[in-house]
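J.:
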Amino acid sequence: MFTSMRFWIISFVFAIPYLFLQMVYACNPADNNYIHEDFSNGAQWSMCWEFNNDEGIYLTDITYTPPNSNAPFRVINEVNIAQIFVPYDDGQNRFHDVTTYDFGDGIIAIKPQNCADGKLITVSTMYEDIRGLCQRKVTDTTVHSILNKLSTSELLLLFSSHQVGAYNYIPEWKFYSNGMIEFAIGATGALETVVNIHNHPNREEKFRKLGWKIDNRTVGVSHVHNYFWRIDFALGDNENDDVVKLIQYKKQGNKTIAQWHDIAVESRFNHKEDNYRGWLIQENAHSDKSYYVEPGDSGHRFIGIKKKEAFTRNDLYITNDIACERYASQNYACNNKKQLSDFVQSNASIENKDIVVWYSLTLHHIPRGEESPEMDMHRNSFKLIPKNLY
Ligand SMILES: [Cu+2]
130 MFTSMRFWII
140 SFVFAIPYLF
150 LQMVYACNPA
160 DNNYIHEDFS
170 NGAQWSMCWE
180 FNNDEGIYLT
190 DITYTPPNSN
200 APFRVINEVN
210 IAQIFVPYDD
220 GQNRFHDVTT
230 YDFGDGIIAI
240 KPQNCADGKL
250 ITVSTMYEDI
260 RGLCQRKVTD
270 TTVHSILNKL
280 STSELLLLFS
290 SHQVGAYNYI
300 PEWKFYSNGM
310 IEFAIGATGA
320 LETVVNIHNH
330 PNREEKFRKL
340 GWKIDNRTVG
350 VSHVHNYFWR
360 IDFALGDNEN
370 DDVVKLIQYK
380 KQGNKTIAQW
390 HDIAVESRFN
400 HKEDNYRGWL
410 IQENAHSDKS
420 YYVEPGDSGH
430 RFIGIKKKEA
440 FTRNDLYITN
450 DIACERYASQ
460 NYACNNKKQL
470 SDFVQSNASI
480 ENKDIVVWYS
490 LTLHHIPRGE
500 ESPEMDMHRN
510 SFKLIPKNLY
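In short: position in the sequence shown from 1, add 129, done, that's this note's numbering.
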């Protein structure tokens with residue numbers, strides 16, 4: 130009797146952390162949505178992919194194992210595309226491509242030749258099963274180091290392609306063998322909004338200020354692609370102890386001085402106008418293992434309608450992880466928190482909480498004659514750079 134009770138007590142005590150681990154690490158090698166890549170430098174990346182009718186592919190439980198290590202280091206709990214907002218320069222169309230146009234379900238099949246030496250993965254949309262996700266190992270650059278041996282940079286590339294109106298969006302998730310991460314979105318397909326100016330001199334005069342004449346009959350209207358990502362960081366074993374720092378680089382004579390600032394509350398920042406800054410997400414207060422958010426493609430800036438498009442007023446937001454806060458705009462069913470700007474409470478502490486970084490970049494797309502009838506790919510990206518991992 131005593132033995133069996135002790136057995137049950139011990140089993141129970143051991144079961145709790147096991148169940149907890151199962152809950153936190155809901156991504157196992159046995160799962161068919163598990164992705165793993167080994168690199169020639171000995172490093173490894175692993176994660177799981179999921180699919181949603183709105184944002185399409187999103188990634189969870191992302192871990193990096195550095196070269197010469199067998200301890201996976203957890204980096205990100207979950208990352209998804211949080212919106213693609215496309216306002217046109219004529220002030221008319223303002224498309225929220227992810228939430229209005231079934232971006233996810235617009236996924237199209239990838240041809241085997243477009244995923245050469247890779248693996249085509251089947252994705253189930255609301256309508257059909259489709260070979261829509263490509264996993265490939267890509268060699269980035271090959272250089273000779275000063276030691277006169279071959280040095281190769283490899284990366285794991287995951288991409289899908291989504292039809293939205295006349296456009297095709299191609300989200301790319303890149304995980305480099307050196308621990309670096311790059312999130313990109315490419316756009317191709319056909320121009321969405323063109324105006325016929327043939328025999329309409331007044332219309333031509335008006336629209337040449339709002340776009341670019343792409344042939345004798347047509348003006349393509351300029352627009353801005355505002356891409357948003359939601360990155361739920363979780364560096365190391367504990368998701369609730371990450372520390373966030375802002376590094377501001379200031380000119381001092383000929384020198385450039387780094388000034389470090391701790392971020393203790395939910396906050397909003399700009400990386401485009403006040404360049405020369407970056408953000409550091411650190412494993413915890415005692416570990417300097419970290420990821421640096423390095424702004425990319427910061428040349429353009431779009432500021433939308435005052436209240437309605439307040440989510441465009443900043444480029445980078447830091448919030449606590451609240452599950453229903455998922456989309457930068459048209460975020461329905463979240464206690465009336467409809468857009469990213471509603472998620473930030475300037476007195477809400479982020480200390481000992483699971484934090485989320487919202488990153489956006491913008492491209493002012495001015496059409497060209499060369500983009501008719503079909504655009505070549507315009508691609509935008511930013512990077513997460515590992516520091517002190519190995
Ligand atoms: Cu465009």
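Every residue gets a Cβ at the ideal spot worked out from N, C-alpha and C, and that includes glycine. All figures in this text were calculated on a predicted structure; none of them were measured in a lab.
Determine the extent of the alpha helix (DSSP H) in which LEU445 is found, giving its start and end residues.
T.: Per DSSP, LEU445 belongs to no alpha helix (DSSP H); it is in the beta strand (DSSP E), 445-449.
J.: So which residues put a beta carbon under 6 Å from any heavy atom of ligand 1, going in chain order?
T.: So the residues near ligand 1 by this Cβ test are ALA316, HIS352, HIS354, HIS494.
J.: In the DSSP output, which residue or residues are listed as bridge partners for MET504?
T.: For MET504, which the question treats as bridged, DSSP gives the partners GLY318.
J.: Between the beta-carbon of THR189 and the beta-carbon of VAL204, is there less than 8 Å?
T.: Not closer than 8 Å, so no.
J.: Name the DSSP bridge partner or partners of LYS384?
T.: Bridge partners of LYS384: GLN381.
J.: So does CYS156 have its beta carbon nearer than 7 Å to some heavy atom of ligand 3?
T.: Absent from the structure shown: ligand 3. Ligands present: ligand 1.
J.: For the stretch 215-277, which segments carrying the alpha helix (DSSP H) assignment without a break, of at least 4 residues, lie completely within its bounds, in sequence order?
T.: If we require 4 residues or more, the alpha helix (DSSP H) runs fully inside the stretch 215-277 come out as 226-229.
J.: Taking VAL520 as the reference, which of MET506, TRP487, SER282, LYS437 has the closest Cα?
T.: Because the chain here runs from 130 to 519, residue 520 falls outside it and cannot be looked at.
J.: Check for me: the alpha helix (DSSP H) holding ARG406 runs from which residue to which?
T.: Counting along the chain, ARG406 falls outside any alpha helix (DSSP H), though it belongs to the beta strand (DSSP E) covering 406-413.
J.: Could you check how far apart the C-beta atoms of PHE431 and ASN509 are, in whole angstroms? I think they sit under 8 Å.
T.: At roughly 13 Å, the Cβ-Cβ gap does not stay under 8 Å, so PHE431 and ASN509 are not in contact.
J.: Under a three-way DSSP split, which group does ASP483 fall into?
T.: DSSP places ASP483 in coil when its eight states are reduced to three.
J.: Does DSSP put ASN355 in a helix, a strand or coil?
T.: Residue state, collapsed to three classes: strand.
J.: Per DSSP, which one or two residues make a beta bridge with ASP397?
T.: The residue asked about is misnamed: residue 397 is Arg in this sequence, not Asp. ARG397 is bridged to TYR446.
J.: Buried or exposed: HIS327, going by 16 or more other Cβ atoms within 10 Å of its Cβ?
T.: By the neighbour-count rule (16 or more Cβ atoms within 10 Å), HIS327 is not buried but exposed.
J.: State yes or no: is the C-beta of HIS291 within less than 8 Å of the C-beta of GLY235?
T.: Contact flag set, yes.
J.: Using the Cα positions of ASN481 and CYS453, report the straight-line distance between them to the nearest angstrom.
T.: About 20 Å.
J.: Touching or not, the stretch 473-492 and the stretch 438-450, by the rule of three or more beta carbon pairs under 8 Å?
T.: With a cut-off of 8 Å, the stretch 438-450 and the stretch 473-492 count as touching, because enough Cβ pairs lie within range.
J.: With 16 other CB atoms within 10 Å as the buried threshold, where does TRP389 fall?
T.: With fewer than 16 Cβ atoms within 10 Å of its Cβ, TRP389 is classed as exposed.
J.: Express the C-alpha separation of GLU334 and GLY527 in angstroms, rounding to a whole number.
T.: This structure leaves residue 527 out entirely; the chain is present only between 130 and 519.
J.: Excluding sequence positions up to five away, which residues of its chain have a Cβ less than 6 Å from the Cβ of LYS384?
T.: For LYS384, where only same-chain residues beyond five positions count, there are no Cβ hits under 6 Å.
J.: Could you tell me the distance, in whole angstroms, from the CA atom of ASP111 to the CA atom of HIS507?
T.: Not covered by the structure: residue 111. The range shown for the chain is 130 to 519.
J.: Check PHE575 in the structure and name its three-state DSSP category.
T.: Only positions 130 to 519 of the chain appear in the structure, and residue 575 is not among them; the question remains open.
J.: Out of ASN157, CYS244, PHE304, VAL293, which has the shortest C-alpha to C-alpha gap to ASP269?
T.: For the residues ASN157, CYS244, PHE304, VAL293, the minimum Cα distance to ASP269 belongs to PHE304.
J.: Determine the burial state of ILE386: buried for a count of at least 16 other Cβ atoms within 10 Å of its Cβ, exposed for fewer.
T.: Classification of ILE386: exposed, given that the 10 Å Cβ count is below 16.
J.: Using a threshold of 8 Å, state whether the C-beta atoms of LEU490 and ASP426 are closer than that.
T.: Yes. Within cutoff.
J.: Given that a residue counts as buried once 16 or more other Cβ atoms are within 10 Å of its Cβ, and exposed if not, what is GLN468?
T.: Label assigned to GLN468: buried.
J.: Using CA atoms only, rank isn't needed, just tell me which of ASN243, ILE392, ALA313, ASN476 is closest to PRO424.
T.: Ranking the options by Cα distance to PRO424, first place goes to ALA313.
J.: Touch check for the stretch 350-370 and the stretch 406-425: three-plus C-beta pairs under 8 Å?
T.: At 8 Å Cβ cutoff, the stretches touch.
J.: Around the C-beta of ALA457, are 16 or more other C-beta atoms found within 10 angstroms, so that it is buried, or is it exposed?
T.: ALA457 comes out buried.
J.: Which same chain residues end up closer than 6 Å to GLN151 when comparing Cβ atoms and leaving out the 5 residues on each side of it in sequence?
T.: Any answer about GLN151 is weak, because its pLDDT of 45 lies below 50 and its placement is not dependable; what the coordinates show is given next. Contacts found: none.
J.: If I'm right that VAL394 touches SER306 with Cβ under 8 Å, what's the distance once you round it to whole angstroms?
T.: Not a contact, Cβ separation roughly 36 Å.
J.: Counting along the chain, where does the beta strand (DSSP E) carrying GLU423 start and finish?
T.: Start and end: 416-423.
J.: Determine the contact status of LYS342 and VAL350, defining contact as a CB-CB distance below 8 Å.
T.: No; because the gap between Cβ atoms is not below 8 Å, this pair is not in contact.
J.: Smallest Cα separation from GLY261: which of ASP226, GLU368, GLU301, ASN476?
T.: Ranking ASP226, GLU368, GLU301, ASN476 by Cα distance to GLY261 puts GLU301 first.
J.: Less than 8 Å between C-beta atoms, sequence neighbours within five positions excluded: which residues of the same chain meet that for CYS263?
T.: So the qualifying residues of the chain are ILE239, ASN243, CYS244, GLY247, LYS248, LEU249, ILE250, LEU286, LEU287, PHE288, SER289.
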